[in-house]
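Positions in the sequence shown are counted from 1; adding 17 to them yields the working numbering. For every residue, glycine included, the Cβ atom is placed at its ideal position computed from N, Cα and C. Everything on this sheet refers to the single structure shown next.
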Amino acid sequence: MQETREIPHVPFTEDMKKDYTILVPNMLPVQLKLITSIMKNYGYNMEVLETEGPQIAECGLKNVHNDTCYPALLVIGQFIDALESGKYDLHKVALMITQTGGGCRASNYIHLLRKALIKNGMGYIPVISLNFSGLEKNANPGFKLTRKAFIQVAYGVLLGDFIMHIFNQCRPYEVHKGDCQKAVDELFNKITKDFRGDKLIRYKYVRMMYVLICKRFAQIEMENFGSKKKVGIVGEIYVKFSPLGNNNLEQFLLGEGTEPVLAGLLDFCLYCIYNGIIDFQLYGRSIKSAAVMQAVYRFLLSKQKDMIDVIKRDGHFRPMMEFERVRKLSHKIISPGVKMGEGWLLPAEMVELIEENVPNIVLTQPFGCLPNHIAGKGMLRKIREIYPEANIVSVDYDPGASRINQENRIKLMLSNAK
């Protein structure tokens, strides 16, 4: 009898929606907290996992082959660690991961996760894929994003990005430690309270919140604002943003007396959307799909411009660079057809930072991540030829990598920082 290698799929049903807790791995602390809070209005009890420590990577290694990329090890390890903690009723819990649908191994996380659950005798736990690529369509009838919910979640992403952008500029200069985090907590509580219930939040509210966010952070007592060395962080999306994935890189850089600089999640979303346009231009894919992507792309660019305009009018903080300019800057480094993983976005973000007078950059990548090694590390020579002032260090993250070695390499880069 031929052995089947198909992994059983346990659907998340409408009955489960009533009393199940959906666990989400922590990649974007601010944005994900806002999104999960908003989703509670639509009947989903979602919880972002904030666990950390060496046991998570060890748990991942027990359940996933060690050649699998580091983010998969951490995401699956964090899930299994949470399920084994005794904190949750295993018959009233579901797991959720995001997928882009690209050729990166990240598109296979969900199958590796299900396999790990079966291995641990928990194969009955549903795993939900959150994606906009049509993966596992209608596979989880109990989890559906209505148009209203999608719009509200999108607003949560915009507000989360805006808060993160201003927060990162202020945190290194606060006179009283914790003031910036207090401002984040206050704004988070206000937004989640305002989004509560069945009412539909309009975009007018989002723009009003941009102004309020600037005003709230401007009230914080700061010393020598903007005077510290700025260090950009780019790389694979999970390792770039997740404190678990990059060994609390932002905290380390703060401890070294620098100001960390990161692009928001919106830039990655715009990158993914623009790739739909590239598919038609370069590979002759669906013109209808490309037209839709073009409309969405222009719409989101207008929303990003609103953010930039508010920050400029406020006058206290640095605005982000318009993504359309970021995209065009990448053309002198790499072809737009290179779109596996983070693809052309990696050199684009590095050039963006250098153009914004942030030549000191940490390029974070999972060890063995082929798209990062080619589109990121592989482009460093070309970037340095065009921008001699570029001071970039490439750091691999892996269960076997030494944290001390990683931090020493960053310190060496900082010793040359401008």
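(message) Restricting to Cα atoms, I'd like to know which of Ile93, Lys34, Val256, Ile254 is closest to Tyr59.
(response) Lys34
(message) Quick check on DSSP: helix, strand or coil for Val278?
(response) strand
(request) Return helix, strand or coil for Met18, following the three-state DSSP convention. (result) Low confidence applies here, because Met18 scores a pLDDT of 41, under 50, leaving its location unreliable; read the following figure in that light. Here Met18 sits in coil by DSSP.
(request) Please look up how many angstroms separate the CB atoms of Lys246 and Asn377, rounded, as I've assumed it's under 8 Å. (result) 6 Å
(message) According to DSSP, is Asn408 part of a helix, a strand, or is it coil?
(response) Reduced to three states, the DSSP call for Asn408 is strand.
(message) Quick check: the region 324–342 against the region 178–189, are at least 3 beta-carbon pairs closer than 8 Å?
(response) yes
(request) Go through its chain and collect everything with a Cβ distance to Ser259's Cβ below 6 Å, but skip five positions before and after it. (result) Met44
(message) Just to confirm my understanding: we take Met338, look at its own chain, exclude 5 residues before and 5 after, and list those with CB closer than 8 Å. What are they?
(response) So the list reads Glu369, Glu372, Glu373, once near-sequence residues are dropped.
(request) Would you mind stating whether Leu112 and Leu40 have Cβ atoms separated by less than 8 Å? (result) yes
(request) Helix, strand or coil for Asp331, going by three-state DSSP, please let me know. (result) Helix, per DSSP.
(request) Going by DSSP, name the residue or residues bridged to Gly252. (result) In the DSSP assignment, Gly252 forms a beta bridge with Thr381.
(request) Sort out for me which residues DSSP pairs Ala10 with in a bridge. (result) Here the chain comprises residues numbered 18 to 435, so residue 10 is not present and cannot be evaluated.
(message) So, with DSSP's three-state summary, where would you put Leu147?
(response) strand
(message) So Leu362 and Tyr314 are supposed to be a Cβ contact under 8 Å. How far apart are they, rounded?
(response) Actually they are not in contact, since the Cβ atoms of Leu362 and Tyr314 sit about 14 Å apart, beyond 8 Å.
(request) Would you tell me roughly how many angstroms separate the C-alpha atoms of Ile294 and Gly281, rounded to the nearest one? (result) 21 Å
(request) Quick one: residues in its chain with C-beta nearer than 6 Å to the C-beta of Tyr37, no 5 flanking neighbours on either side, listed in chain order? (result) Lys109, Ala111
(message) Spatial neighbours of Ile290 within its chain, please: C-beta separation below 8 Å, excluding the five flanking residues on both sides.
(response) Met310, Val313, Tyr314, Leu317
(request) Counting only the same chain and skipping the five closest in sequence on each side, list residues whose C-beta sits under 6 Å from that of Val278. (result) Lys247, Gly249, Val375
(message) Going by DSSP in three states, Val228 sits in which element: helix, strand or coil?
(response) helix
(request) Measuring alpha carbon to alpha carbon, tell me which of Glu366, Thr117, Glu424, Tyr414 ends up nearest Tyr87. (result) Tyr414
(message) Could you give the first and the last residue of the continuous beta strand (DSSP E) run that contains Asn62?
(response) 62–65
(request) Determine the direct distance from the alpha carbon of Ser303 to that of Glu69, and round the result to whole angstroms. (result) 43 Å
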